[in-house]
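What follows is a short report on a single structure.
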Amino acid sequence: MTPLDLDALDLSALLCSRVCHDVISPVGAIVNGLEVLEDESDTAMREFALELIAKSARQASARLQFARIAFGAAGSAGASIDVADAEKVSRGMFVDDKTQLAWSAPQALFPKNKVKLLLNLVMIAQSAIPRGGLIDVNVQGDGEAPTLTLKSKGSHARIPAHVESLIAGTPETGSVDAHGILPFYAGLVARAAAMDVRFSIEGDTVTITATPTAAAIPTAPPADAGPEADRPSDSEPPETALA
1 MTPLDLDALD
11 LSALLCSRVC
21 HDVISPVGAI
31 VNGLEVLEDE
41 SDTAMREFAL
51 ELIAKSARQA
61 SARLQFARIA
71 FGAAGSAGAS
81 IDVADAEKVS
91 RGMFVDDKTQ
101 LAWSAPQALF
111 PKNKVKLLLN
121 LVMIAQSAIP
131 RGGLIDVNVQ
141 GDGEAPTLTL
151 KSKGSHARIP
161 AHVESLIAGT
171 PETGSVDAHG
181 ILPFYAGLVA
191 RAAAMDVRFS
201 IEGDTVTITA
211 TPTAAAIPTA
221 PPADAGPEAD
231 RPSDSEPPET
241 ALA
């Protein structure tokens with residue numbers, strides 16, 4: 001199937017729709033809480049409204065901080081991101097949620113697109129356990145060739161519908177909407193980061209694995225090649241050798 005070439009304007013619009021969908025609920029709750037404060041004199045109701053406002057404000061802030069890295073630039077072009085920052089914004093997303101997060105990763109700077117891929121996979125992992133449970137994130141290797149493994153364990157765990165074709169960039173319908181933009185975007189980021197994403201399920205556990213594509217794995221010169229291996233060949237033009 002031919003990969004879908006989504007127009008840049010449509011991609012931007014769908015991503016904006018996704019971010020708005022994520023923050024509109026807590027922002028709406030803040031507005032409701034403020035209305036209660038304006039209209040109610042009952043002490044208990046006012047305390048409830050203040051708690052609602054505080055909780056919703058934390059949720060909105062956490063979701064925006066997450067989206068800033070997962071979907072946004074989060075730095076200049078070609079920048080690296082500390083994996084610890086990815087952990088921080090991910091934990092913020094699950095503070096008051098029915099899903100628990102376990103995280104094991106090196107505290108190091110990784111290329112931006114690899115961190116963005118990790119965060120998008122965290123959201124996909126959450127959708128694999130609609131009734132909640134545990135998401136276990138494990139990052140191994142260095143930033144150039146990491147292995148990302150996410151395990152979602154919970155009741156009624158399943159590989160989200162159409163997620164594999166969306167990540168591959170070949171949606172079955174030939175188009176993508178706001179509901180499918182996250183895995184579709186994750187696929188774009190994965191290809192930009194030269195990473196291959198795979199899904200599997202066993203019992204109540206869905207496993208998502210992202211590994212470097214074959215072309216992205218650096219190859220070392222033969223052990224016995226010696227210093228000559230680093231020199232340009234006689235047939236290589238001087239300009240190429242200097243480059």
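Residue numbers (full-length UniProt numbering): 1 to 243. Note that CB positions come from ideal geometry on N, CA and C, so glycine has one too. Being a predicted model, the structure only gives us computed values, none of them experimental.
Check                                                                                                                                                                  : Outcome
Are the beta-carbon atoms belonging to residue 123 and residue 188 less than 9 Å from one another?                                                                     : no
State yes or no: is the C-beta of residue 171 within less than 9 Å of the C-beta of residue 128?                                                                       : no
Is there contact here, the region 200-213 with the region 36-50, by at least three beta-carbon pairs under 8 Å?                                                        : no
To the nearest angstrom, how far is it from the Cα of residue 107 to the Cα of residue 16?                                                                             : 30 Å
Is it true that the region 18-28 meets the region 188-203, where meeting means three or more beta-carbon pairs spaced less than 8 Å apart?                             : no
In the DSSP assignment, what residue or residues form a beta bridge with residue 136?                                                                                  : 102 and 151
So, for residue 83: in the same chain, excluding its five sequence neighbours on each side, which residues have a beta-carbon less than 8 Å away from its beta-carbon? : 105, 106, 107, 108, 109, 110, 115, 118 and 139
With a floor of 3 residues, list each beta strand (DSSP E) that falls wholly inside the region 17-92, ordered by position along the chain.                             : 80-82
So, helix, strand or coil for residue 172, using DSSP?                                                                                                                 : coil
Per DSSP, which one or two residues make a beta bridge with residue 109?                                                                                               : 82
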